[in-house]
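Have a look at the structure below before the remarks.
Residue numbers (my numbering), protein chains in the order written: chain P, 164 to 482; chain B, 13 to 302; chain U, 22 to 544.
Take a look at the structure:
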């Protein structure tokens, strides 16, 4: 990997993060209400709201608040929640492992099912297996996750006491309990991803199988399985990796619904609760975190590209 | 052991140029279902079905009967009527939001892929910002600010679809912009507008349409997610998403309330998928080029 | 013995055969319970953080209130040894128990009580309700004197809630104190990870000897109603509280779940109602408001949306309240509604306005049903759902017409003064605690009588006259009385009765969702 290419990618991070944070600052301040109302609730009076707004520095104009926030953020201080006074960094640190684990497990699950299914489907395109697996996968895409979650809880927690219905146990406290608690949420979130990955990989594999070098390998008498696994899967993994990277921002939304249903204390629920309480500081923190995650994931995708296919390294470096 | 020859049918599918495969039964069945749903949704007001917002037409939560073929919901409203009326919102949101995304994202993608250079850098940078922004925060903020309505929901989902569509269209354009016929047109001094309209668009549009059909399916499901958060079209207008959500709480006692709209959504998503798939196969569009 | 009756209200006979009563025999010490709550709190500082039911439950774990209601409906001293008043009710003297220590070992004394009350008087959050207090003075080491600007007979009732918890001055002075509370309560604060859990351990030096029974409690906020119920069925948690009628009905039938609800509890419950902005046309016309009352079929709403379990409400005091009366509130009568609508429309044209609620699925069902009932009377409404924060703001500034609301569960009606008084009714656009903006001199007079009078009969008459005024003037369209329930595994004991420190019986253990875990044990 070329150092200049890497450097340029890192530089790109700055304007993207800047734009994302400015956009979220603006969007959130468009919302009616402010944290003072969320804190005081129905017993808010003119005087108490004014006093609290002053205490929270909310009486400053928007640009001033943004610049101040930026100043602190650059030094790594993401501020404190208006509502609970908890440092944003601490809140994020408490909740990030939950969401990361959820995302990781759901993606692993989706990929673990999607790759073999796609290989089978691509080995005989439009065959019965192909048709059946792609349609089934799509059937899953059509089940909203809030419905699937309720069903899974009812079947596997209430009817059969296989998994806990809700809750979270940290992995380092009790690994087995942790995985039991994460099983249903991961399935709920992963099922829709399965369809996306399966579709992508299948059509990509079919396209790759028509490339000249595959025909050559066939001519050399290599077995079909060998060709599929060794020669076709590797380049086809590109789009998969890209899709996985692209998914991050969207998944946070799905993660909220799953976190809400399973009472998991993750980033998704932190973000939504904070929006409802107009706790701008915390939302800013999580939005920034997701953006950094997105950019880093795509950065990792680029690096992976090079690993997966040496030709890309060269092409990208010169592009 | 000799390898079997590649399935000729599948070769046809993927090499549209060598002999285009006919659109199969599944495609027409899908189009038929979509047409039926669309017709019912369009003519819902004149159909002999009860008012979808009228509670108490039968005891609440009653399962399907002869009078109410799909049963009634938690407030005793006719499910058949609600499903048909709900199709309206779901289809309008699904198709218009993606049409909006195609219009904006498509234009950005084509121009970026064709002109490259600074415009591409700025356009794709903006796309990156949109993708890096948590979709849910955007939707929540927009819908809370503008108030939940058909227009707002469509706009929110539409804006969110711009970035992925722009990416795909740009990739598609890039591939064609280097092809012989485009280069030839350039050499003979054709204007950019002409090249884009005559050479690029006809090649990009099929890819866009087949992707869009799948995107419509995703948009229809997304409306359900917004309904779950109370951010969809204002009640009592039924939408499939809000109907599923209303039934969610009584899944054990009255499963039909969730299952009926789920089945409608499921068949529609499936139909969109098959239609998109068949079109893609027909026009030889690889989907992997994100 | 166990007196709180399960299965009340809905008249579910099957429930009475269920073992909802506590096991006999002496309570056993030890054990750990996980309780699911309906929400998460912002923090533990009563002077900074708003306490809803979850907040009060958390607070009662680490703090003790100065006073508590007994089964007799009277306020009894709790952490206070005595609460006395001057003959004219302008000075209240609170003497706290001696020998009580905070969890960090500091002694409980007058300084701590004064610090807490002073912090309330400075607090933007709680000071509006305490506007009648002139000063808090230390009388001696264990006694404070609270001087009032006017006679205030119901002041002790405030000491049973958010204002009554005595907080260590260290917590009050620490900017992070709201996240590490120090109190005198039955459990000591151990860990709070917002959105995940709050864990409290037994206070070994608790001043009520023998209490609490449990070694540790873990609270988990599970906001999603159905997930909370499923968690109990699946055995993930031991105990929960809920207002969801479907959950309550399902658990009444469930043999593996012990359920106690407050449908028959004596005392004030919250009412569900449509709050009307009486300053905004067309709702500024009493004929329209009356038409809404006549057009609302409460029974159908309760039966369809609330599983039939909510007791009827015809005023701010439900039938179990000492202030209950026949308010004369209109019953469902579509013809009368139509007549009033016609009369108004002939003069001023068609009636249309906005009908609002929050994002909750249950609320949405209720407003849709009521919307169609009002439509039958010729009243057109458009529905609007907004999130909780915006909902409250809209009510405060008058940016609404009719909102589905739940309130008026203050233990003494005097607590409702800020919601009903003309003094807190501000024009549209300004923050107004009188959300209905209902200015009624008769209500004001009655509220003043209720606040100043020490004669229970006189107070009762005053508050009953308010219910009558509301019935005539209809600032609120009543729907029903909220029912709270606690559901637990059968091994959980001590959820029905409890004793106050003076040996008398406490108010129904569960009232309006407030629930004391210090008396709970496991068998």
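Glycine included, every Cβ here is placed at the ideal spot set by N, Cα and C.
Exercise for review: With DSSP collapsed to three states, give me the class of residue 382(P).
Suggested key: Here residue 382(P) sits in helix by DSSP.
Review point. Between residue 534(U) and chain P, is there a C-beta pair that is closer than 8 Å?
Key: So no, residue 534(U) is outside the interface.
Exercise for review: Look up residue 255(B) in the DSSP assignment and say whether it is helix, strand or coil.
Suggested key: helix
Check your understanding: Any Cβ of chain A within less than 8 Å of the Cβ of residue 277(B)?
Key -> Among the chains of the structure shown, chain A does not appear; the protein chains present are P, B and U.
**Study point:** Buried versus exposed call for residue 318(P) [16 or more other C-beta atoms within 10 Å across all chains shown]
**Key:** exposed
Exercise for review: In angstroms with no decimal places, state the Cα-to-Cα distance between residue 26(B) and residue 219(B).
Suggested key: No answer about residue 26(B) holds up, because its pLDDT of 38 lies below 50 and its placement is not dependable.
Exercise for review: Answer with buried or exposed for residue 198(U), where buried requires no fewer than 16 other C-beta atoms within 10 angstroms of its C-beta.
Suggested key: buried
Exercise for review: Please compile the residues from chain P whose C-beta is within a distance smaller than 9 Å of the C-beta of residue 63(U).
Suggested key: 201, 202, 244, 246, 247, 248 and 440
Point to revise | Nearest residue (CA-CA) to residue 326(U), options 122(B), 70(B), 204(B) and 86(B) | key: Out of 122(B), 70(B), 204(B) and 86(B), 86(B) has the C-alpha closest to the C-alpha of residue 326(U).
Check your understanding: By Cβ distance below 6 Å, which residues in the same chain neighbour residue 258(P) in space, the five residues on each side in sequence not counted?
Key -> In its chain, beyond the 5 residues on either side, 428, 429, 430 and 433 have a beta carbon closer than 6 Å to the beta carbon of residue 258(P).
Check your understanding: Just curious, the beta strand (DSSP E) that residue 56(U) is in, first and last residue?
Key -> 53-58
Check your understanding: Taking 8 Å as the CB-CB cut-off, is residue 291(B) touching chain P?
Key -> no
Check your understanding: Between the segment 346-357 of chain U and the segment 378-392 of chain U, are three or more C-beta pairs nearer than 8 Å?
Key -> no
Practice item. Name, please, each residue of chain P whose Cβ falls closer than 7 Å to the Cβ of residue 370(U). Key: The contacting residues do not exist; residue 370(U) stays about 30 Å from chain P at best.
**Study point:** Through-space distance from residue 380(U) to residue 185(B), alpha-carbon basis
**Key:** 43 Å
**Study point:** Minimum Cβ-Cβ distance from residue 37(U) to chain B less than 8 Å
**Key:** Only weak support exists for where residue 37(U) lies, its pLDDT of 41 falling under 50; the coordinates are left without a value.
Review point. If you run the structure through DSSP and keep just helix, strand and coil, what is residue 250(P)?
Key: strand
Practice item. Please decide whether residue 408(U) counts as near chain P, where near means a Cβ-Cβ distance under 8 Å. Key: yes
Point to revise | Under the three-state DSSP convention, the category residue 28(U) falls into | key: Caution applies to residue 28(U), whose pLDDT of 35 falls short of 50 and renders its modelled position unreliable; the value that the coordinates give is listed next. Note: residue 28(U) maps to coil in three-state DSSP.
Practice item. Might you give, ordered along the chain, the residues of its own chain that have their beta carbon closer than 7 Å to the beta carbon of residue 546(U), omitting 5 neighbours on each side? Key: Residue 546(U) lies beyond the residue range present for chain U, which begins at 22 and ends at 544; the question has no answer from this structure.
**Study point:** Any chain P beta carbon closer than 8 Å to residue 185(U)
**Key:** no
Review point. Which one of 141(U), 79(U), 225(U) and 154(U) has the shortest CA to CA distance from residue 114(U)?
Key: 154(U)
Review point. If contact means a Cβ-Cβ distance below 9 Å, which residues of the segment 258-273 of chain U contact chain B?
Key: 265, 267 and 271
Exercise for review: For residue 434(P), return the contacting residues in chain B, with the cut-off set at a CB-CB distance below 8 Å.
Suggested key: 146, 148 and 149
Check your understanding: What are the boundary residues of the beta strand (DSSP E) that residue 113(U) is part of?
Key -> 112-117
Check your understanding: Closest to residue 65(B) by CA distance: which of 255(B), 268(B), 270(B) and 285(B) is it?
Key -> The shortest C-alpha separation from residue 65(B) is found at 255(B).
Practice item. Using beta-carbon positions only, say whether residue 372(U) and residue 307(U) come within less than 8 Å of one another. Key: no
**Study point:** Contact with chain B by residue 326(P), beta-carbon distance below 8 Å
**Key:** no
Exercise for review: Thinking residue 54(U) and residue 259(U) are a contact (beta carbons under 8 Å), I'd like their distance in whole angstroms, please.
Suggested key: 5 Å
Review point. If you measure from the beta carbon of residue 244(U) to each beta carbon in chain P, is any gap under 8 Å?
Key: Interface residue, yes.
Check your understanding: Are the C-beta atoms of residue 352(P) and some chain U residue less than 8 Å apart?
Key -> Chain U places no beta carbon closer than 8 Å to that of residue 352(P), leaving this residue out of the contacts.
**Study point:** Contacting residues, own chain, Cβ-Cβ under 7 Å from residue 19(B) (five flanking each side not counted)
**Key:** At residue 19(B) the pLDDT is 36, less than 50, meaning the model places this residue with poor confidence; the figure from the coordinates comes in the next sentence. Taken in chain order, the list of residues that qualify is empty.
**Study point:** Per-residue DSSP class, three states only, for residue 406(U)
**Key:** strand
**Study point:** residue 29(B) burial status per 10 Å Cβ neighbour count (16 or more: buried)
**Key:** Confidence at residue 29(B) is low in this model, with a pLDDT of 39, below 50, so its placement is unreliable and the value that follows should be read with caution. Residue 29(B) comes out exposed.
Review point. Around the C-beta of residue 304(P), are 16 or more other C-beta atoms found within 10 angstroms, so that it is buried, or is it exposed?
Key: Burial of residue 304(P) is indicated by the presence of at least 16 other C-beta atoms within 10 angstroms of its C-beta.
**Study point:** Proximity below 8 Å, CB of residue 61(B) to CB of residue 92(B)
**Key:** yes
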